[in-house]
Amino acid sequence: MMKMWQRSLVALCALLVLFGGVAYAQASDMPTVEFPYTGNRTAVWIVAQLHTLFGAFVLGAPIFIVIAEWLGYRKQDLRYDRLAKEVTKVTVILFSMTALTGGLFIFVLLAAYPQFTTWFINQFYLVFTVFYPLLFMSGAIVLYMYFYLWDAWKGDKKGRHIALGVLLNLIGMTLLFVIDGPTSFMNTPVKAEGISPQEFLATATLWDKIANQTWMPLNLHRIDGNVAFGGFVTSMIAAYMYMGAKSQEERAYYDWMGFAGNLIAVGATLFQPFTGLLLAYEMCDYDFSFCPYMMADQLSMFFEMQGAMIGLMFLAMNYYLWLSLKRIEGVEKVRMTILAPIVTVAFPFVMMVVMNYYWIPDPMSLAFLVPLILAPFFLGRFIPVTVSARTVIKIGFFMVIVGDAIWLIPRGFAATGATMVAELALPEAWDFLGGMPAKLSAIFTLVFVTVVNYVLYNRAIKQGTILWGKIDFTSQFVLIFLAFTSIWTMGLMGAVRSLVRKYFHTYNLVPDFTAESFTPTLSYSAWWITGISVVFFTVVSFAVIVALRPSDSKGHVPEGSPLPVRAK
Amino acid sequence: MGNIIKKLSIGLVVGGALVGMTRALEFPVIYQMLFLGFSIFGAAVFMLLDAPSVGTMSGAKSVIALVVFYIVLCTVFVSGASMWPQFDPEDEKEKIARILAPKRAATEQGKAEELIARTKALDEQVKALEVRLKALGGDHQVAKTTPVDGVPPVETKAATGDFMKLGEEQWQLQECYNCHKLKGEGGKKRGPELDNIGSYLTVDEIKRKIIDPKSFMAEGFEKDWEKGKMPDKFKDVMEDGDITALASWLNTFKNTSVNTPKPIKKK
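One line per chain: the protein sequences are A and B, in this order. Residue numbers 4 to 571, in this note's numbering, belong to the letters of the first sequence in order. Residue numbers 4 to 270, in this note's numbering, belong to the letters of the second sequence in order.
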């Protein structure tokens, strides 16, 4: 494992590259380079996406880590503390990778698009030269302190250590908010009615530029996404360790770790569709032409692919839960009100009708949907008819497949409206199946089924006994599948967010005159997204092996109590 | 094995029923196949639910299983994405080049490039003249020259006189068809159908609506008007001449049999 000074050196080098890049950007007449094989745009895409993935993990994991550490402290459960520390070890290594890919990103950007990068850095000069580096350095210092003080600050000092973790998260959160300013600005730069974007920009302050229309939705989507991402990667780490575990005790621990990581990831994922919808809503509100471009034209098939990926993720989340239930003794006694499967089956169809009449933001839809959603939980106790947990979950699976199907039905099998012919389009009477109300009902169905299943699982663990380490081995592949799929989906939607700018570097402000300013095919994008995900996975796998190699865990013994003496 | 046969049979029966229903409802064949696919996929999910447990693997066996799993995942994701209809970037490249041409020309680099192109064209013309003069034995009569080596003559499209064609081209370039139906194509009810717009608005009024979308509101589109659904970017992304051409072309549409909503002046 790298020593602290080595990691600090790597981070420092990356920051020097960043500063050097910024200084270089101020020089005029910089020649543009042509990246071989990939071309300039794809070269930027690769490093930007890698940086985003590493960044997402090092920002998301600490949220997860501190929650785990706090739970361990509160529940006096050493497993949480061990989980938190192991994930921190991996985070520390990946922090260096975030800095390196960040430096590389700015370098590639400057080489490929010198004029635009110069203009862009000038727009956010304070952010790129002061706020971002300062926050990054503070984050690095606090992360290293947090990791190296773990054993020193235990017992009575545990509270102080948790507070340091909270500080780390505050810095991380601020960093995310700061960098989301320029990112969202490229999609939705500040504008005002009746004034040209250039004129308005000339008078805009730094705050105006940062607090653009999609800044806060992007912040929310990314915070939530990063927590889910941190959880999924933690589960993947647990799956690796479970596969390499030599003893039943180790398997029991990593089974638990995988479950805990997945639980937090699923919790955060349930909000992802909604924060994503909010982001899309604000983008369409900013410029309605984004909407058909995304949903009906050049990017429509990207959204079909997104539907397929999210559908698979929800199936996998529920399948993991199914496998988890199988190792609970006494699960066969768990029952649930019949209202739950009834509402589950009725839900997508009722919602489709309601949303067709009362579309967002009309609050009337809530008057129908909220009572329907809450009925199994509040009215269930008054209805004596119950069904077994297995039946509820199987009906849930059926509805997840129905939900996926609704989500995946396109208006037509054509990539753009211009190439649509009747032989490839939905019959007019069934056109509603391709509309947003139908898609929204599908998303809500997936979320509703998952919530019902987790409520059921909660009952099962209260009534039965979990046999940790006895889970079906397939479950470990499910955890890895979830991590890989969530990363792949992040890559896909990151590409969409970037492509929405069409032939602009910054929408309506700075056109991209290069020959690469067109919408690539979904197939081409999928190749690169897969390649980027594989590189990311390889690095993460390497970090896991380096940080948590079996020899460490084999001889693992509790390193003293993390709890204050009086808490025992 | 019994589990697989049972679930597969149910999947095929449900799939067959769905195909029959969708055929009766006149869904295109590709949708019928899609529903069959969902049904088979559903059967596979239920097979997985009732599949026997897999025993714990370790060592090289688990590493090999993991690598194979990743290879399968990558293959499925890439091939899955490639199976959807693919947008052809060639359809867009020419459009983008046309839209960006005036913007590029307005930049310092664009101006320099235009100047170089003009100089080259003039140089070629001079050379051609010299050759011609020599051939004519010193005749000073200047002949009309044609563009040389693919260098385009410097003239605007409007000057060709095909103003209406330019307007129609703008309709395509700015992708107005995404929201407005015209000649029975495009629209999807996002914006008003425009086949009779020429009966309601003059060229100047249409131009005003394009430049300032809040200036007129179509009857029945009150909510969309309030939300400002029609983008107010066209004054920034289009040249004035192009807006005039588009407005003039739209003004020719006076098909009274189409129910184009009446525009109400708001500004």
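For each residue, glycine too, the CB sits at the ideal point set by N, CA and C. In this text, all values refer to a predicted model and were calculated from it rather than measured experimentally.
- Distance from the Cα of E426 of chain A is smallest, within the candidate group B:N6, B:Y34, B:K192 and B:M4, for B:Y34.
- In the three-state reduction of the DSSP assignment, G231 of chain B falls in the coil class, being assigned neither a helical nor a strand state.
- Contact note: L427 of chain A reaches chain B through P31 and I33, using a C-beta cutoff of 7 Å and chain order.
- In the assembly as shown, Y296 of chain A is a buried residue. Its beta-carbon has 16 or more other beta-carbons within 10 Å.
- Burial state of I535 of chain A is buried, judged by a 10 Å Cβ sphere holding 16 or more other Cβ atoms.
- Chain A has a Cβ within less than 7 Å of the Cβ of Q89 of chain B.
- G261 of chain A is a Cβ neighbour of A241 of chain A, given a cutoff of 7 Å.
- Classified as buried, V547 of chain A has 16 or more neighbouring CB atoms from the shown chains inside 10 Å of its CB.
- Of all C-beta pairs linking the segment 383-392 of chain A to the segment 334-354 of chain A, three or more are shorter than 8 Å, placing the two stretches in contact.
- One thing to note: K96 of chain B has its Cβ no nearer than 7 Å to the Cβ of M50 of chain B.
- In this structure the segment 242-253 of chain A does not lie against the segment 206-225 of chain A, because fewer than three pairs of beta carbons, one per stretch, are closer than 8 Å.
- Every alpha helix (DSSP H) stretch that sits fully inside the segment 395-466 of chain A and reaches 4 residues is listed by chain position as 439-466.
- From the beta-carbon of A84 of chain B, the residues of chain A found nearer than 7 Å are M308, L525, S526 and A529.
- Nearest neighbour of A46 of chain B by Cα position, chosen from B:I13, B:V71 and B:M241, turns out to be B:I13.
- Non-local C-beta neighbours of V337 of chain A in its own chain, meaning closer than 6 Å and more than five positions away in sequence, comprise A392, R462, A463 and Q466, ordered along the chain.
- The beta-carbon of F516 of chain A is placed less than 7 Å from the nearest beta-carbon of chain B.
- Interface flag for W48 of chain A against chain B is unset, since no Cβ pair is found closer than 7 Å.
- Between G45 of chain B and chain A, the shortest Cβ-Cβ separation is below 7 Å.
- Listed in chain order, the non-local C-beta contacts of K257 of chain B below 7 Å within the same chain comprise N199, G201 and S202, local neighbours out to five positions each way being set aside.
- In the assembly as shown, Y460 of chain A is a buried residue. Its beta-carbon has 16 or more other beta-carbons within 10 Å.
- About 6 Å separates the CB atoms of N265 of chain A and L482 of chain A; that is less than 8 Å, so the two are in contact.
- By the rule that beta-carbons nearer than 7 Å mark a contact, I209 of chain B does not touch chain A.
- A straight line joining the alpha-carbon of R44 of chain A with that of P514 of chain A spans about 14 Å.
- Within chain B, no residue has its CB atom less than 9 Å from the CB of V236 of chain A, the nearest being about 15 Å off.
- Here the alpha carbon of A54 of chain B sits roughly 14 Å from the alpha carbon of I474 of chain A.
- For the segment 267-292 of chain A, the set of residues with a beta-carbon nearer than 8 Å to any beta-carbon of chain B comprises D288, D290, F291 and S292, in chain order.
- With contacts defined by Cβ atoms closer than 7 Å, W410 of chain A and G494 of chain A do not form a contacting pair.
- V36 of chain A sits in coil when the DSSP states are folded into three classes, being neither helix nor strand.
- Classified as exposed, S82 of chain B has fewer than 16 neighbouring CB atoms from the shown chains inside 10 Å of its CB.
- Unbroken alpha helix (DSSP H) runs of no fewer than 4 residues, entirely contained in the segment 97-143 of chain A, are found at 117-126, following chain order.
- An exposed status is given to K192 of chain B, since fewer than 16 other beta-carbon atoms sit within 10 Å of its beta-carbon.
- Neighbours of P92 of chain B in chain A, taken as residues whose beta carbon is under 8 Å from its own, are F521, T522, P523 and T524 in chain order.
- The beta-bridge partner set that DSSP reports for E188 of chain B consists of B:L185.
- The beta carbon of D239 of chain B sits closer than 7 Å to some beta carbon of chain A.
- For G58 of chain B, the neighbours in chain A by C-beta distance under 8 Å run, in chain order, F476.
- Under the criterion of beta carbons closer than 8 Å, F350 of chain A and V48 of chain B do not qualify as touching, at roughly 19 Å.
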